[in-house]
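What follows is one structure encoded as structure tokens, with my remarks underneath.
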Amino acid sequence: MVDPVIQIAGATSIPFGLDEMDFAGGLRGEAIEVVDWKQWIFKCPPILSGLLKVNFYPKEM
């Protein structure tokens, strides 16, 4: 189950340059634990690292 604070942060329009995980940490009042995701250049909560699988084809967009 995804933390509701992370869901709220992900659904909120956050200004460009700010990070949703920083925003979620502010809502919670403590830092959100994240891990490096080997396939991509971003970090995600540990619970999602084994669940996420993305196929991204830039030429099709």
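My numbering runs 117 ahead of the 1-based position in the sequence shown.
C-beta: ideal position from N, C-alpha, C; glycine also.
Treat the numbers as computed from the prediction; the structure is a model and nothing was measured.
Of the candidates Phe-140, Leu-135, Gly-146, Phe-140 places its Cα closest to the Cα of Gln-124.
Looking at the backbone, the Cα of Phe-133 and that of Leu-144 are separated by about 18 Å. In the three-state reduction of the DSSP assignment, Val-122 falls in the helix class, which pools H, G and I. One Cα belongs to Gly-142, the other to Val-122, and the distance between them is close to 8 Å.
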